[in-house]
Amino acid sequence: MWGMRREWMAEVSQALPGALRAAAEPRSPAERQTSSAPRHAGPGAQSLPTDGQCWSRRAPQSPAEPRMRREAADMRNALRSRAGLPPRGVGLSLQTPSGCFSHRRSLAMNPIQRPEMYIIGAQPVCSQLPGLSPGQRKLCQLYQEHMVFIGEGARSAIKECQHQFRQRRWNCSTVDNTSVFGRVMKIGSRETAFTYAVSAAGVVNAISRACREGELSSCGCSRTARPKDLPRDWLWGGCGDNVEYGYRFAKEFVDAKEREKNYVRGSEEQARMLMNLQNNEAGRRAVYKLADVACKCHGVSGSCSLKTCWLQLADFRKVGDLLKEKYDSAAAMRISRKGKLELVNNRFNMPTQEDLVYVDPSPDYCLRNETTGSLGTQGRLCNKTSEGMDGCELMCCGRGYDQFKSVQVERCHCKFHWCCYVKCKKCTEIVDQYVCK
Numbered sequence: 001m002w003g004m005r006r007e008w009m010a011e012v013s014q015a016l017p018g019a020l021r022a023a024a025e026p027r028s029p030a031e032r033q034t035s036s037a038p039r040h041a042g043p044g045a046q047s048l049p050t051d052g053q054c055w056s057r058r059a060p061q062s063p064a065e066p067r068m069r070r071e072a073a074d075m076r077n078a079l080r081s082r083a084g085l086p087p088r089g090v091g092l093s094l095q096t097p098s099g100c101f102s103h104r105r106s107l108a109m110n111p112i113q114r115p116e117m118y119i120i121g122a123q124p125v126c127s128q129l130p131g132l133s134p135g136q137r138k139l140c141q142l143y144q145e146h147m148v149f150i151g152e153g154a155r156s157a158i159k160e161c162q163h164q165f166r167q168r169r170w171n172c173s174t175v176d177n178t179s180v181f182g183r184v185m186k187i188g189s190r191e192t193a194f195t196y197a198v199s200a201a202g203v204v205n206a207i208s209r210a211c212r213e214g215e216l217s218s219c220g221c222s223r224t225a226r227p228k229d230l231p232r233d234w235l236w237g238g239c240g241d242n243v244e245y246g247y248r249f250a251k252e253f254v255d256a257k258e259r260e261k262n263y264v265r266g267s268e269e270q271a272r273m274l275m276n277l278q279n280n281e282a283g284r285r286a287v288y289k290l291a292d293v294a295c296k297c298h299g300v301s302g303s304c305s306l307k308t309c310w311l312q313l314a315d316f317r318k319v320g321d322l323l324k325e326k327y328d329s330a331a332a333m334r335i336s337r338k339g340k341l342e343l344v345n346n347r348f349n350m351p352t353q354e355d356l357v358y359v360d361p362s363p364d365y366c367l368r369n370e371t372t373g374s375l376g377t378q379g380r381l382c383n384k385t386s387e388g389m390d391g392c393e394l395m396c397c398g399r400g401y402d403q404f405k406s407v408q409v410e411r412c413h414c415k416f417h418w419c420c421y422v423k424c425k426k427c428t429e430i431v432d433q434y435v436c437k
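Numbered per full-length UniProt numbering, the sequence shown spans residues 1 to 437.
So this is what it looks like as C-alpha cells:
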C-alpha cells in the first residue's frame with residue numbers, strides 16, 4: 001500500500017518512547033496535496049470550549065446514516081474477531097477531554113470496501129515494525145494507512161523536543177546515535193515525561209491533519225458543530241482539522257502498550273505505567289486545548305463583509321511551548337499501596353490531566369554516562385552573559401569554558417526593488433563564542 005525503508009523504520013522506531021515505536025516512510029511532496037485552508041486564525045477567531053463546556057454535534061446527515069454505521073460496525077467486528085480483538089458496539093469507544101463528544105463513534109465511519117486488505121495485506125508490514133506491542137500490532141493491521149502519519153508525528157515530536165531543550169544540559173540526544181531519546185527513557189524523570197507527552201501530541205497533530213487532507217479513508221473533515229458564540233452572519237464551513245478523531249485514535253494506539261500489561265500493585269513498574277499514561281494524556285490535551293477557530297474573509301476588495309470559519313489546529317510550536325511550561329512545573333509522584341500515584345510533597349495540589357508527572361529524579365547530565373544516556377556538556381556552546389540554563393556557569397557545571405573566535409555570514413543591507421523582490425548583501429562578522437571544558 002505504501003513503500004517503506006527498513007533503515008528509516010528502525011531509526012524512527014527507536015526514537016519514540018514505548019508505545020510509539022512504529023513509523024512509515026514519509027511521502028514526497030509530489031505525493032502529498034497541500035491544504036488550501038489558511039494556517040492562521042483570522043480576526044474574531046473563537047476558542048475551543050474549556051472544561052465543562054462542549055460543542056454539540058450535528059444531526060445525522062441522512063436517515064440512512066444509522067444503517068450505514070451498523071453495517072460498518074458489523075464488518076469491523078468481523079475484522080476484529082479475525083485479528084483476535086474483542087468486538088465493539090460501534091467501534092472504538094473513547095472520550096475526548098471534558099467528556100465532549102463522548103458518545104460511541106467508530107474510528108472508521110465509512111464502510112470498509114475491501115476489509116480483507118486490513119488483515120492479509122497488513123500482516124507483513126506490521127510484523128516488520130519493531131517495538132509494537134501485541135495490541136498495537138493488531139491495531140496496525142486494522143488501520144495500516146495510519147502508520148505513516150504516526151511516523152510523521154514522531155518526527156515532529158523529535159524536532160520539537162530538540163528545539164525546546166536546545167539550551168539545556170540534556171538536549172534531546174543520547175549516547176546511541178541510532179536513537180534520539182534512547183536510554184534516558186528508562187528513567188521516570190521530567191525529561192521522560194516531556195518526551196511521552198510531546199510524542200502523543202505529535203500523533204494527535206498528524207492524524208488530525210491527515211483526516212482533513214483526505215489521506216485516511218476512515219475520517220474526513222471535522223464534523224464539529226457551529227460554536228454558539230460565533231456571530232450569526234459568519235458561515236461555519238470549510239474543512240477543519242479533525243482533532244476529535246486524532247485524539248481518540250492516539251489514545252487507543254499510544255496507550256495500548258501501557259494498558260495491556262498487569263503489574264503488581266504498588267510496584268515501581270506500575271508507577272511507571274501510570275506516569276506514562278498521565279503524560280500521554282497531557283500531550284493529547286495540549287493539542288486539543290490549543291485548537292482554535294480560524295476564519296477567512298470574503299467581500300469586495302477585502303472588505304471582510306462575510307467570513308467562513310472552521311476548526312484548526314494550532315502550530316505545533318505552541319504545543320511544544322505549552323508542554324515545556326508543564327515540564328518546568330511537573331509534579332513529583334510516588335506509588336501508593338493502593339496502586340495509585342500520590343504526591344511526594346502533600347503541600348502541592350494534585351496534578352490535573354493536563355499536567356506532567358515524574359517518579360524519578362533527573363540526572364544532572366553534566367558528564368557523559370552511557371547508563372543514563374547522558375552525553376554530558378563538554379564541547380557545548382554556552383552564553384557567557386546569561387544567568388539562565390544556557391549560561392556558561394550552569395551549562396558547564398562549574399568546569400569552566402574556552403573562548404574562540406568564529407566568522408559568521410549574515411544577510412544585510414536588504415532593499416526592496418519594484419517589482420517585486422528583495423536584494424541583500426552578505427556581511428561577515430567575527431564573533432566570540434564559548435564552549436564548555
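A virtual CB, placed ideally from N, CA and C, is assigned to each residue, including glycine.
### Query
Where in the region 172-251 do unbroken runs of the alpha helix (DSSP H), each at least 4 residues long, occur, reported from the N-terminal end onward?
190-212
#### Entry: Phe149 versus Val184: straight-line alpha-carbon distance, rounded
25 Å
#### Entry: Contact set for His146: own chain, Cβ-Cβ below 6 Å, skip 5 residues either direction
none
### Query
Using DSSP with H/G/I as helix, E/B as strand and the rest coil, what is Arg265?
coil
#### Entry: Integer-rounded CB distance, given that Val435 should sit under 8 Å from Arg399
11 Å between Cβ atoms; not a contact.
### Cβ-Cβ distance between Gly220 and Arg226 below 9 Å
Against a cut-off of 9 Å, the Cβ pair of Arg226 and Gly220 comes out as no contact.
### Query
DSSP on Cys126, reduced to helix/strand/coil?
helix
### Message
For a test of the three-state rule: what should DSSP assign to Arg317, helix, strand or coil?
### Response
helix
#### Entry: Cβ-Cβ separation, Val198 to Gly320 (assumed contact under 8 Å), whole Å
6 Å
### Rounded C-alpha distance that separates Gln278 from Ala286
12 Å
### Query
Does Ile158 get closer than 9 Å to chain B when you measure Cβ to Cβ?
This model lacks chain B altogether; it includes just one protein chain.
### Query
CA-CA distance, Arg155 and Cys424?
33 Å
### Task
Leaving out five residues on either side along the sequence, give the residues of the same chain with a beta carbon under 6 Å from the beta carbon of Arg39.
Reliability fails at Arg39, whose pLDDT of 38 lies under 50, so the model's placement of it is uncertain and the value that follows must be treated cautiously. There are no such residues.
### Message
Please report the distance separating the alpha-carbon of Lys251 from that of Tyr263.
### Response
20 Å
### Task
Take Pro363 as the anchor and find which of Gly283, Leu394, Gln162, Gly373 has the nearest alpha-carbon.
Comparing Cα positions, the closest option is Gly373.
### Query
Helix, strand or coil: which one does DSSP assign to Lys326?
In the structure shown, Lys326 sits in a helix (DSSP, three-state: H, G or I).
### Query
Cys309 bridges to which residues according to DSSP?
Trp236, Cys295
### Task
Compare the C-alpha of Lys257 against each of Arg265, Leu274, Tyr247 and name the closest.
Checked all of Arg265, Leu274, Tyr247; the closest Cα to Lys257 is Leu274.
### Query
Using the rule of at least 16 other Cβ atoms within 10 Å of the residue's Cβ for burial, across every protein chain shown, is His417 buried or exposed?
exposed
### Message
Under 8 Å: do the region 150-170 and the region 295-313 share three or more Cβ pairs, one atom per stretch?
### Response
no
### Message
DSSP three-state label for Cys140, please.
### Response
Here Cys140 carries a helix assignment [DSSP, helix/strand/coil].
### Query
Based on Cα-Cα distance, which residue from Lys228, Leu323, Gly376 lies nearest to Gln353?
Taking each of Lys228, Leu323, Gly376 in turn and checking the Cα distance to Gln353, the smallest one comes out for Leu323.
### Task
Give the DSSP bridge partners of Thr428, in chain order.
Val409
### Query
What do you get for Asp176, buried or exposed, if any count of 16 or more other CB atoms within 10 angstroms of its CB means buried?
Interpretation of Asp176 is limited by its pLDDT of 44, a score under 50 that renders its predicted location unreliable; the figure taken from the coordinates is listed afterwards. Under this definition Asp176 is an exposed residue.
### Task
Please report how far the alpha carbon of Ala37 lies from the alpha carbon of Gly188, in whole angstroms.
Unreliable placement is indicated for Ala37, whose pLDDT of 40 sits below 50; no coordinate value is reported for it.
### Query
What do you get for Phe316, buried or exposed, if any count of 16 or more other CB atoms within 10 angstroms of its CB means buried?
Label assigned to Phe316: buried.
### Query
Should Ser267 be labelled buried (16 or more other beta-carbon atoms within 10 Å of its own) or exposed?
exposed
### Query
Under 9 Å, do Val204 and Gly151 count as touching if we go by C-beta distance?
no
#### Entry: The alpha helix (DSSP H) enclosing Met395, as first and last residue numbers
392-395
### Query
Taking buried to mean at least 16 other C-beta atoms within 10 Å of its own C-beta, is Leu290 buried or exposed?
Answer is buried; the Cβ neighbour count reaches 16.
### Task
Mind reading off the beta-carbon distance from Cys397 to Thr377? Whole number of angstroms is fine, and I expect it under 8 Å.
Sure, about 6 Å apart at Cβ, within 8 Å.
### Query
Just checking, does the region 330-339 make contact with the region 229-242 on the three C-beta pairs under 8 Å criterion?
For the pair of segments examined, the region 330-339 was found not to touch the region 229-242: the number of CB pairs separated by less than 8 Å stays below three.
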